[in-house]
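In this note's numbering, the protein residues as written are 33 to 288.
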């Protein structure tokens, strides 16, 4: 891929990318899953495949800020249960990217996100959400593996793993700060592990990183806005916003 074309963008297009980068910072420290809007903006301004390579380092900057903010609230037993399944999902996603065109990718991810949102809403209406410790049960392990594979797959093919993992953490009964702390470490580790795959696929190179350097500065104020906002959002509203962001993200992928 000739990433020199990444520099052939107008001032308005750069402004759109900067706004999307700011939203990444906000989503990492406030409403996880909201960065599906950022994904859509990047894919609209840049070539679809190139957009995933440019967006990944921006997401990593946001992940670092989120870890610095919520590092004390991570639930590591949950993370250790997820990582093997996520690794499998990333490998499947890499193979998928080798042959799938943009339309197939968008349709697949959009359908998965809407399915996850529907399942989560249904579960929460039927019974009280499970506590994180319940993941030690057989049902909890199966759920962790299923969501882990889906999360790895979606994050590799479209940087869209946030909504999938949001649905998993909500269904597991995480409160707001535990949700954000666990999610922060999860995506920092997963996104960094994706870098070699993206480089190998030609999605990241020197030109894309120069554009990332220009956009990264906009992630920081977004993260501070998110930290300010999350302290003013109650648990019920927080969960509603996460689910709404997932539905919007899935719908826009299906309708594009």
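Yeah, the Cβ is synthetic: ideal placement off N, Cα and C, and Gly gets one too. This one's a predicted model, so the numbers in the text were calculated from it and none came from an experiment.
Residue 283 and residue 142 have their C-alpha atoms spaced approximately 6 Å apart.
Spanning the alpha carbons of residue 107 and residue 212 requires a straight line of approximately 10 Å. Across the set 186, 44, 73, 42, the C-alpha of 73 shows the shortest separation from the C-alpha of residue 56. The C-beta distance from residue 280 to residue 68 rounds to 7 Å, short enough to fall under 8 Å. Residue 153 sits close to residue 275, with the two beta carbons spaced by under 8 Å. Per DSSP, the unbroken alpha helix (DSSP H) holding residue 220 starts and ends at 208–232. Inclusion of residue 120 and residue 184 in the CB contact set at 8 Å is warranted, their separation being smaller than that value. Assignment of residue 256 by DSSP, reduced to helix, strand and coil, places it in the helix class.
In the structure shown, residue 205 falls within a coil segment according to DSSP collapsed to helix, strand and coil. Secondary structure at residue 264: coil, using DSSP grouped into helix, strand and coil. Here the C-alpha atom of residue 42 lies approximately 11 Å from the C-alpha atom of residue 78. The continuous alpha helix (DSSP H) containing residue 90 extends over residues 80–102. Here residue 200 has 179 as same chain residues with Cβ atoms under 6 Å from its own Cβ, once five neighbours each way along the sequence are excluded.
Its Cα nearest to that of residue 174, the residue 116 stands out among 216, 116, 220. Apart from sequence neighbours up to five positions away, the residues of its chain that approach residue 253 with a beta-carbon distance below 8 Å are 54, 57, ordered along the chain. Around the beta carbon of residue 238, fewer than 16 other beta carbons sit within 10 angstroms, so the residue counts as exposed. Counted as a single uninterrupted DSSP element, the alpha helix (DSSP H) harbouring residue 239 occupies residues 238–248. Linking residue 126 to residue 233 through their CA atoms gives a straight-line distance of about 8 Å.
Here the alpha carbons of residue 83 and residue 277 stand approximately 20 Å from one another. Straight-line measurement puts the Cα of residue 129 at about 12 Å from the Cα of residue 140.
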